[in-house]
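Trainee: Residue numbers (my numbering): 6 to 289. Sharing a structure here in structure tokens format.
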Ligand SMILES: [Zn+2]
């Protein structure tokens, strides 16, 4: 199966009524186990590379590794920039070979977000690469739990206007989800997802899914979510495996050994989460 864009994956997910697994790799070693999990489950994968990862390694270096594995995978894989920081980073990632882009202007005013997102959408559409935007703001949890934060949930009218004026291909929504949660305490506004889904013609995306219980994820998908972003859980799983190896005193002089322990944890968790999303057995 080739490296694909997210456009065709979304069409299949909409038809099948499931959500695409959009899993973040935050070091190169996290990429192979995510692809292996998708292959083992017969699922498409959106392999996400976040802007923080790109502060450590160049987009070209990361994209070449990710695209190589995507091109040789048994299932379709898209290589996606998660939370693109600005048009320059988007341009670099497009040139490096990313096949899907998210631009995050959610910290800007509504009008400024529309202006900047539209620029990104035009640049991407000139290369036939789909773009995900965000309106409303998904906050970052400081405690790992569901604290008192400054909520800016996505409004239906705002979502419709944003989508029409920017030309984005999918939309990340703030519906009670939080980034960086390490406990499954998020309280999701399912009715809001349903209302946005009813009015909007493009697929909906939920971020911060590490903090959402499997039951709530399933319900969110039934309400219209078609892409589920998970990052924190995979970071924690990878580091747990790494630490277990070091604590066990195994081969700690050779870096690949603890990394391999982390990779195994990532693969197991990814297989389990793909099942929750109903994305398994779609590509056999
Ligand atoms: Zn996010």
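Note that the Cβ used here is the ideal one computed from N, Cα and C, for glycine as well.
#1: Taking the beta carbon of residue 237 as the centre, do at least 16 other beta carbons fall within 10 Å, making it buried, or is it exposed?
#2: In whole angstroms, give me the CA-to-CA distance for residue 143 and residue 188.
#3: What would DSSP say about residue 26, mapped onto helix, strand or coil?
#4: Measuring from the CB of residue 85, is there a heavy atom of ligand 1 at a distance below 6 Å?
#5: Per DSSP, which residues does residue 234 bridge with? Please list them.
#6: Have a look at residue 149 and residue 44 and give me their C-alpha separation to the nearest angstrom.
#7: So, at 6 Å on beta carbons, what are the nonlocal neighbours of residue 139 in its own chain, with the 5 sequence-adjacent residues on each side left out?
#8: Apart from the five residues on each side of it in sequence, which residues of its chain come closer than 8 Å, Cβ to Cβ, to residue 129?
#9: What is the DSSP secondary structure of residue 138, counted as helix, strand or coil?
#10: Name the one or two DSSP bridge partners that residue 53 has.
#11: Does the Cβ of residue 266 have 16 or more other Cβ atoms within 10 Å, making it buried, or fewer, making it exposed?
#12: Going by DSSP, what residue range makes up the beta strand (DSSP E) through residue 106?
#13: Between the alpha carbons of residue 22 and residue 256, how many angstroms are there, rounded?
#14: Cβ of residue 306 within 6 Å of any heavy atom in ligand 1?
#15: Residue 161: which of 274, 245, 204 sits nearest, CA to CA?
#16: Are the segment 30–48 and the segment 60–73 touching by the rule of at least three beta carbon pairs closer than 8 Å?
#17: Grouping DSSP H, G and I as helix and E and B as strand, with all else coil, what is residue 193?
#18: At what residues does the alpha helix (DSSP H) containing residue 70 begin and finish?
#19: Whole angstroms are fine: how far does the CA of residue 214 sit from the CA of residue 201?
#20: Quick one: what does DSSP say residue 214 is sitting in, helix, strand or coil?
#21: Using alpha carbons as the reference points, say which of 247, 225, 197, 259 lies closest to residue 163.
#22: Determine the contact status of residue 251 and residue 263, defining contact as a CB-CB distance below 7 Å.
#23: Start and end of the beta strand (DSSP E) containing residue 178?
#24: Out of 59, 207, 180, 37, state which residue places its alpha-carbon closest to the alpha-carbon of residue 166.
#25: Between the Cα of residue 151 and the Cα atoms of 175, 125, 181, 172, which residue gives the shortest distance?
#26: Taking DSSP as the reference, what is the three-state secondary structure of residue 8?
#27: Does DSSP classify residue 157 as helix, strand or coil?
#28: Taking the alpha carbon of residue 229 as the reference point, which residue from 289, 288, 175 has its own alpha carbon closest?
#29: What residues are listed by DSSP as bridge partners for residue 184?
Mentor: Concretely, from the data shown:
#1: Buried, because 16 or more other Cβ atoms sit within 10 Å of the Cβ of residue 237.
#2: Approximately 16 Å, taken between the alpha carbons.
#3: Three-state DSSP puts residue 26 in a strand.
#4: With a threshold of 6 Å, the Cβ atom of residue 85 does not count as near ligand 1, since no heavy atom of the ligand is closer than that.
#5: Partner(s): 27.
#6: For residue 149 and residue 44, the distance between alpha carbons rounds to 31 Å.
#7: When the five nearest sequence neighbours on each side are left out, the beta carbons in the same chain lying within less than 6 Å of the beta carbon of residue 139 are those of 109, 111, 177, in order along the chain.
#8: For residue 129, the CB contacts under 8 Å within the same chain, skipping 5 residues up- and downstream, are 95, 99, 106, 135, 136 in chain order.
#9: In this structure, DSSP gives residue 138 an extended state, which the three-state scheme calls strand.
#10: Paired residues: 29, 85.
#11: In summary, residue 266 is buried, with 16 or more beta-carbon neighbours lying within 10 Å of its beta-carbon over all protein chains present.
#12: Secondary structure note for residue 106: its beta strand (DSSP E) is the uninterrupted segment 105–108.
#13: When rounded, the separation of the alpha-carbon atoms in residue 22 and residue 256 is 45 Å.
#14: This structure cannot speak to residue 306, because the chain is shown only from 6 to 289.
#15: Of the candidates 274, 245, 204, the one whose C-alpha sits nearest the C-alpha of residue 161 is 204.
#16: Judged by Cβ distances under 8 Å, the segment 30–48 makes contact with the segment 60–73, as three or more pairs qualify.
#17: DSSP places residue 193 in coil when its eight states are reduced to three.
#18: Counting along the chain, the alpha helix (DSSP H) containing residue 70 begins and ends at 64–76.
#19: Computed Cα separation, rounded: 18 Å.
#20: Look at residue 214 here: in three-state DSSP terms it is helix.
#21: Selected option, being the one with the closest Cα: 197.
#22: Result yes, Cβ atoms of residue 251 and residue 263 sit closer than 7 Å.
#23: Note, residue 178: beta strand (DSSP E), 175–178.
#24: Measuring C-alpha to C-alpha distances from residue 166 to each of 59, 207, 180, 37 identifies 207 as the nearest.
#25: Nearest to residue 151 by alpha-carbon distance, out of 175, 125, 181, 172, is 181.
#26: Residue 8 falls in the strand class under three-state DSSP.
#27: It is a strand residue.
#28: Among 289, 288, 175, the Cα nearest to that of residue 229 is on 175.
#29: Answer is 145, bridged to residue 184.
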